[in-house]
Amino acid sequence: RDLIACENIEIFQATEDDTVDRASEAGAVIIGQVGIRCIHCGLSPFARAQFSTVYPGSIGSLVASLRHMQNTHFRTCERTPNQVRQKLAQLFHVDVCKEYNTCLKNACLDL
544 RDLIACENIE IFQATEDDTV DRASEAGAVI IGQVGIRCIH CGLSPFARAQ FSTVYPGSIG
604 SLVASLRHMQ NTHFRTCERT PNQVRQKLAQ LFHVDVCKEY NTCLKNACLD L
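Numbers in this note's numbering are just positions in the sequence shown, counted from 1, shifted up by 543.
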C-alpha cells in the first residue's frame with residue numbers, strides 16, 4: 544500500500560517556540576512533545592488549512608492523528624500539490640492504519 548501521507552508529513556519534537564504559540568489553546572503543548580506537521584505548510588505563517596500541525600495526546604494516537612490530517616488537512620491545504628491531494632483522497636476509504644503505524648513508529652525511533 545501507498546504511504547503517501549507519511550511522505551508528506553514531518554514528525555518532530557516541540558520546542559519552546561511551539562509551546563508559546565499554543566499556550567492559550569486547550570491541550571497546551573510541552574517541550575519535547577511529539578508533533579506531526581504538513582511538509583508543505585506546517586512552518587508557514589500563511590498556512591490557512593486546519594490541522595497543519597497536530598500534537599497527539601500520546602504516541603498511541605499518532606496513527607489516528609495522521610489519519611485525521613489525511614482526511615481533513617490535505618483536502619484543503621493550498622500548498623499540497625494537486626496530485627498528492629488526489630492520491631490521498633483516493634485512500635480515504637482504505638484502511639492504512641497498520642502501514643501508518645509502522646512508518647510513524649520508525650520515525651519516532653529516529654527522534
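Glycine residues also receive a C-beta, built at the ideal position from the N, C-alpha and C atoms.
*Taking C-beta to C-beta, are LEU609 and ILE582 nearer than 8 Å?*
Looking up residue 609 in the sequence shown gives position 66. Looking up residue 582 in the sequence shown gives position 39. For LEU609 and ILE582, no; Cβs fall outside 8 Å.
_Less than 8 Å between the beta carbons of ARG618 and ALA632, yes or no?_
Position 75 of the sequence shown holds residue 618. Position 89 of the sequence shown holds residue 632. Yes, the Cβ-Cβ distance between ARG618 and ALA632 is below 8 Å.
*Nonlocal neighbours in the same chain, by C-beta distance under 7 Å from ILE574, ignoring five residues either side*: Counting from one through the sequence shown, the residue named residue 574 turns up at place 31. Within the same chain, ILE574 has close Cβ partners ALA557, THR558, GLU559, THR562.
*Please name the residue in ALA592, CYS584, VAL577 whose C-alpha comes closest to that of SER604.*
Reading the sequence shown from its first residue, position 61 is the one you call residue 604. Ranking the options by Cα distance to SER604, first place goes to VAL577.
*Provide the residue(s) that pair with ILE552 in DSSP beta bridges, ordered along the chain.*
In the sequence shown, counting from the first residue as 1, residue 552 sits at position 9. CYS581, per the DSSP bridge assignment.
*Within the same chain, show all residues whose beta-carbon is closer than 6 Å to that of PHE594, passing over the 5 residues directly before and after it, in chain order.*
To locate residue 594, count along the sequence shown from 1; it is residue 51. So the qualifying residues of the chain are MET612, THR615, HIS616.
*Quick one: Cα of GLU550 to Cα of VAL627, how far?*
For the purposes of this step, residue 550 is taken as the residue at position 7 of the sequence shown. For the purposes of this step, residue 627 is taken as the residue at position 84 of the sequence shown. If I take the Cα positions, the gap works out to 10 Å.
*Span of the alpha helix (DSSP H) holding ARG628?*
Numbered from its first residue, the sequence shown carries residue 628 at position 85. Run containing ARG628: 625-633, per the alpha helix (DSSP H) assignment.
*Residue interval of the alpha helix (DSSP H) (run including HIS616)*: Locating residue 616 in the sequence shown gives position 73, where the first residue counts as 1. Counting along the chain, HIS616 falls outside any alpha helix (DSSP H), and DSSP gives it neither H nor E.
*Please classify ILE552: is it buried, with 16 or more other beta-carbons within 10 angstroms of its beta-carbon, or exposed?*
Translated into the one-based positions of the sequence shown, residue 552 becomes position 9. Answer is buried; the Cβ neighbour count reaches 16.
*Closest by C-alpha distance to ARG591, when choosing among CYS620, ILE547, ALA548, PRO599*: What you label residue 591 is simply residue 48 of the sequence shown in a count that begins at 1. Selected option, being the one with the closest Cα: CYS620.
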